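Per my numbering, the sequence shown starts with residue -15, numbered consecutively.
Note that the Cβ used here is the ideal one computed from N, Cα and C, for glycine as well.
Just so you know, these numbers come straight off a predicted model, no measurement behind them.
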Amino acid sequence: AVVSTQSTGVATFLVATVLLGFNLYASLCIMLSVTMCAVDMIGAMVYLDIPLNAISLVNLLLSVGIAVEFSANIVQAFTMATGGRVARARDALIKTGPAIISGIAMTNFVGVVVLAAAKSQLFVVFYFRMFFTINCLCVAHTILFLPAFLAFLG
């Protein structure tokens, strides 16, 4: 589990670095947000009494992809904006925030909420609970934490 998570993190960092024009600071900001989402998801798994097994591990690795999808949009918009740190963070959130909320998060929520009514405990625990939590945590980190972090330290 640790090896696959570490290799996923390294691969994510390398791809983010290349796609952001070798901007290491922007890649580190993405990785910070992704790491926080993954750590929070592990804590939520304990709280929700979800065991670590093959299915939950795959979902954890998928959460990295979802976190990158959310975070990369904000960081990329921040790096392309002009002005001071606070103005760039505000512009990044104004430009990409609605797309993240309405385009990515809401489509994920609609697809996941349907699973709440599933008769199978497998779908309810490993797909509804985990994906709902992943989506909530990633949106919170992307919309609340990441712009604030970029405004202070960007």
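Quick one, are the C-beta atoms of residue i and residue j less than 8 angstroms apart?
i, j, result
"A29", "S47", "The sequence given here has Met at residue 29, not Ala. Not closer than 8 angstroms, so no."
"L194", "M25", "Nothing about residue 194 can be read from this structure; the chain reaches only from -15 to 138."
"A76", "P131", "yes"
"V52", "T(-4)", "yes"
"I50", "I118", "yes"
Tell me, to the nearest whole angstrom, how far the beta carbon of residue i is from that of residue j; I am working on the premise that it is less than 8 angstroms.
i, j, result
"I88", "F54", "7 angstroms"
"A73", "A135", "4 angstroms"
"A61", "A0", "So it is not a contact: roughly 14 angstroms between Cβ atoms."
Three CB pairs or more closer than 8 angstroms across the region 14 to 21 and the region 86 to 104: Between the region 14 to 21 and the region 86 to 104 there are fewer than three C-beta pairs closer than 8 angstroms, too few to call the two in contact.
Touch test, the region 68 to 82 against the region 8 to 16, Cβ-Cβ under 8 angstroms, three pairs minimum: Not touching, per the Cβ criterion.
The region 32 to 47 / the region 102 to 111 touching (three or more Cβ pairs under 8 angstroms): Yes, the region 32 to 47 touches the region 102 to 111.
Ordered list of alpha helix (DSSP H) runs contained in the region 66 to 121, each at least 4 residues: Runs of the alpha helix (DSSP H) lying entirely within the region 66 to 121 and spanning at least 4 residues, in chain order: 69 to 82 and 90 to 97.
Length at least 4, wholly inside the region 5 to 40: the alpha helix (DSSP H) runs in chain order: Counting whole runs of 4 or more residues, the region 5 to 40 contains the alpha helix (DSSP H) stretches 8 to 31.
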